[in-house]
Structures are given as C-alpha cells and as structure tokens.
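See below for the structure under consideration.
There are 2 protein chains.
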Amino acid sequence: MVEPQADIARIESLPLRLVVADMLRTGIVEGRLRPGTPIVEAALAEQLNVSRAPVREAIQILEADGLIDNLPYKGKRVKPLTAKSVEEIYSIREQFEAFAVRRIIESGADVSPLSEHVSAMFAAADAADLVALIAADAAFHRTLIRLADHGLLLTLWDHLALRIRQIMALRNRANADLRQVAANHPPIVEALTARDLDRVLSLVSQHSRSASEIDLKWLEVAP
Amino acid sequence: MVEPQADIARIESLPLRLVVADMLRTGIVEGRLRPGTPIVEAALAEQLNVSRAPVREAIQILEADGLIDNLPYKGKRVKPLTAKSVEEIYSIREQFEAFAVRRIIESGADVSPLSEHVSAMFAAADAADLVALIAADAAFHRTLIRLADHGLLLTLWDHLALRIRQIMALRNRANADLRQVAANHPPIVEALTARDLDRVLSLVSQHSRSASEIDLKWLEVAP
DNA sequence: TGCGCATCGATTGTCGACTGTATACAAGCA
DNA sequence: TGCTTGTATACAGTCGACAATCGATGCGCA
C-alpha cells in the first residue's frame, strides 16, 4: 500500500494515467513499494481522488514495463524479484552495452558527453550523496546507449534501466564504496576514446557482472 | 479499419481486452491493418459489440508492444514503419540471437528440438505454402531463443518477433525463393551441434542481415 | 482580401455504477 | 468424519454517460 497522500497534482494537464503511472513507477524503483506489495485499484483511486479507470490504465502501463504482476481476478502486486530475474536483467544489460559500444566505435561518435556524468559521479561520491551518485550513474549509462544512435535500443534500455534502479534501491546501501563506484567509469571513457573495442567490451562486461554479483549478494539478505 | 465482424467470440472467457488485443495484433502482424491505419476506439467498440473500456485497454497493450502510436487527444494509428526502424529491429534481433547461441553453446543445451522446425520449413517450401513457412521459421527462431533458458530474453524476443512478422507480412511475397529460405537453417543447426561458436555467430548474423536487406528493398516499393 | 476568433465535430480522457470471477469459510449431507 | 455445496467478500472487468482537448471550419471585421 502506498502511504496516504493528498490530492493528485495535475502537472501540465498530462493524462491522469500518466501521472499515476509515474507515481507508482517512482515508488517502485525507489524501493518504497517493495516487491510483492499488493496494488489495489480501488484503494489507490480513493487515495488519489480519481476514478478507477486511470489508475487501472496506469497499472497496465507498469505491467507492460514488467514492474507489476497481474493475477487475473485475484489482484495485482509489485513483481517479485528473484535471483534469476536479477541475473537475467544484468546479462541483458551487458549485451545492450556491448552492442552500443560496438556501434559507437564503428560510427566514431563523439564520446565527450560521457565526461560530465563521470565528474558528477565523483562529486556525488565525495559528498557521500548516494542518490546523486545513482542518478549520475544512470545518466552515464543512458548516455552511452544514446550515443549508439539506435532508437529501439534506447527504448529497450529505458525499460531495463527501471528494473535496474529498482534493484539498486532495494540493496543495502550502507555497504557501498561510493568512490569505487565512480572510479569504475573513467577507464571506459578512456578506452572508448582510444577506440579500443576489446578493452571497452571487457570493462563493460566486468562492470555489469560485478554489479550483478553485488546485487545478488544483498538480495539474499533482503528478498 | 478492421473488416466488419459479427459478435466477438469469448473463447475460454478470457478478459475482453485480451481478445480484442489479440484480434488487433493479428490484424497488424498479418498486414491487414497497414502502418498508418487509424485505430478509433469508438468505431472498434461498436463493431465488436463491446464497450470502449476493453477496446481502449487492448489498444494500450499494443501500444506497449510498439505496434500502435498514440497521439494524445488526436487519435491512434498503426505505427508507421520506416527504413530506420526496420534496420533497428533486425540489428537487435541479431544481438539477441547471438546472445542466445553463446548461452546455448556454453550450457551445452540439447539443440535437437530445432530439427523438427527445419523439417517443417522444407515441407512448407515444397508445398509452396508461404504462411506455413513463415510459421515454421518463427517457431525455429523462437525455439533457438528458448533454448538459451533466459526468461527475459524470451519476453523481449516475443515482442520483437511480432514486429518482424509484421514486416514480413508487408513485403511482397511473390518474390521469395521458399526453398532458399528453408535451406538457410540447417547449417545453423549443424554448427550448433558441432559447438562451433564462431561459425554459428557468423551464420546467424548473416541470416539477420540478409533478411534486413530484403525487407528494406521491398519496403521501398510499398511503404 | 486576409487575419483573428468563436464554434463545431471528432476523438480521447474520466467517472460512477454494475457485473463477473476467485477464494475462503461455513453449512449441509453421506 | 470427510466431502460437497452454498455464501460472503474482495477484487478485477465491463459498461454507458459525460468532460476535456485538439484541429478545422467558417464567420466577422479591418
């Protein structure tokens, strides 16, 4: 159940379903709505002072994103996270990034946009600001994908990134070495700049796999 | 617009939105609803003798599948196919299949389930049955993905396969050499059986790229 | 003539009420 | 006792009506 909340803000007069979807999505990927939490249309509608229709549609959007499970006529819930699904998510991520860097190096795209995100990560690490670090990390990787100039890939990535954010929000944050996280990225930029495909691929692959291992470890204690 | 149709069959008492979604999906991937065709909720609802709610939800499902475009308050339509989107779809397909075969060879999974689909393809080619050939081809590739034992990959594949089917349905069918299509597949099975990763990768990649080229060629004359 | 502006039609967006389905639990029966 | 059968409840699913939005059309006016 989502915490009690006042009336819904209709920013920019977006359709309500999108506002509601965003609210739920944020709650899920930030870990406030944990896997398994029941999502009940009527309850949500009442809390947000809207009818069930837009709530229902919002839930269906998140269903398509793979964040919510639908058990027909029984109920919906935040999709449970299993070790296997975490492994699958990270292994696909590895493929996507590998594909992206191959395209980037082939096309000779300018990789300088990555640098500012690296700086942001170090700044966040120095300030011990985990939220900012996660945001900068996400921005770095999304930019990497964007440089591949592949619309479908970017769409698929955005879906995947949601689930990765969810996983990261769920793991025990106290144990992360923030500067280490930031330090993982400059070598990728360097290797990209040097057009050293093999080295980039190896770094990216290692990056995904170590993240996967960390998450699997922490999900054991907090499933 | 979908052709006039009597009352909707509520097979197995599935929720209406799923029945409607299936109907629309089939129409799109079989090419009866061509890219750009407007999809109007009210009209569909009347044709199918249901209310707008399930129709609306069905449309949203296909929106998530990437088959339908939504221009808010203006209308929805079958998403137009551009050369770039075709290229993107096939290039992602290539990545997925490459990933799948790497996993298959690593895990040593039994690839014999592929053989029956190859047989089916040759039978269809001999009978000059294009529909059966396309079905067998789709089954072959889906099985290949399934053998990788990766749930998320299979989900992503199924979405992609829809759009590939749509593209294939839209291209001029008279010009295909059916036996040639079938003949492309046995070498893949052989190389898989021999665990020859490099050769499989090369074959699979070639397979995707030639399909992409053919489709791009035919989409020029019928966009 | 040409330009702003009310109006209208088409289409999606939202609502509240009704209906269908599944589960659990209690009541009836062999 | 153990099985079936009813019944209550908590949901999702569907419906018909109404509201909001956008684009086009046509009208008045300089």
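Heads up: the protein sequence lines correspond to chains G and Y, in order.
Counting from 1, one number per residue, gives the positions in the first sequence under my numbering.
Counting from 1001, one number per residue, gives the positions in the second sequence under my numbering.
Glycine included, each C-beta is placed from N, C-alpha and C at the ideal position.
All of these numbers come straight from a predicted model, not from anything done at the bench.
Three-way DSSP call (helix, strand, coil) for residue i in this model
i	result
R1077(Y)	strand
L67(G)	coil
V1111(Y)	coil
R1209(Y)	helix
T143(G)	helix
G1031(Y)	coil
S1051(Y)	coil
T1082(Y)	coil
P15(G)	coil
R288(G)	Chain G is shown from 1 up to 223; residue 288(G) falls before or after that span and cannot be answered.
A1135(Y)	helix
D1158(Y)	helix
D149(G)	coil
H185(G)	coil
D1196(Y)	coil
R1171(Y)	coil
A45(G)	helix
D129(G)	coil
D215(G)	helix
D22(G)	helix
heavy atom of the ligand MG below 8 Å from residue i C-beta
i	result
P1186(Y)	This structure simply doesn't include the ligand MG, nor any ligand for that matter.
Short CB-CB distance (under 9 Å) between residue i and chain G
i	result
I1061(Y)	yes
S1202(Y)	no
A1251(Y)	In the structure displayed, chain Y extends from 1001 to 1223; residue 1251(Y) sits before or after that span and is not available.
E1190(Y)	no
R1025(Y)	no
Cutoff 9 Å: residue i Cβ touching any chain Y Cβ
i	result
D65(G)	yes
Q95(G)	yes
R142(G)	no
P15(G)	yes
E57(G)	yes
L216(G)	no
Beta-ladder partner(s) of residue i, from DSSP
i	result
I1039(Y)	K1076(Y)
Neighbourhood of residue i by C-beta distance below 7 Å, restricted to the same chain and skipping five residues each side
i	result
A45(G)	S51, R52 and V55
A1083(Y)	L1216 and L1219
H150(G)	R103
L143(G)	According to the sequence as given, residue 143(G) is Thr; it is not Leu. Counting only Cβ-Cβ distances below 7 Å, and skipping sequence neighbours, we find P113, L114 and H117.
H185(G)	V118, M121 and F140
N1070(Y)	E1063 and K1076
Same chain only: Cβ atoms within 8 Å of residue i, ignoring 5 sequence neighbours per side
i	result
V200(G)	V101, I105, I188, A191 and L192
S115(G)	V189
A1098(Y)	L1201, V1204 and S1205
A197(G)	Checking the displayed sequence, the identity of residue 197(G) turns out to be Leu instead of Ala. If we look at L197(G) and ignore the five residues flanking it on each side, its Cβ neighbours are V101, R102 and I105.
L1153(Y)	F1096, F1099, A1100 and I1145
Beta-carbon contacts of residue i that lie in its chain and below 6 Å, excluding the five residues immediately before and after
i	result
V1002(Y)	A caution first: V1002(Y) carries a pLDDT of 34, below 50, which makes its placement in the model too unreliable to give a value.
L1081(Y)	P1035
L1178(Y)	A1125 and L1133
L16(G)	V50 and P54
A148(G)	A100, R103 and I104
(message) Closer than 7 Å between beta carbons: that is the criterion. Which residues of the region 1101 to 1121 of chain Y meet it against chain G?
(response) Listed by position, the residues of the region 1101 to 1121 of chain Y near chain G (Cβ gap below 7 Å) amount to none.
(request) Compile a chain-ordered list of the residues in the region 28 to 40 of chain G whose CB is closer than 9 Å to at least one CB of chain Y. (result) So the list is empty, because no residue satisfies the distance condition.
(request) Using a Cβ-Cβ cut-off of less than 8 Å, list which residues of the region 148 to 179 of chain G approach chain Y; keep chain order. (result) Residues H150, G151, L152, L153, T155 and L156.
(request) Could you run through the region 69 to 94 of chain G and flag, in chain order, every residue whose CB is less than 8 Å away from some CB of chain Y? (result) Close to chain Y, meaning a Cβ-Cβ distance shorter than 8 Å, are the following residues of the region 69 to 94 of chain G: P72, K84, S85, E88, I89, S91 and I92.
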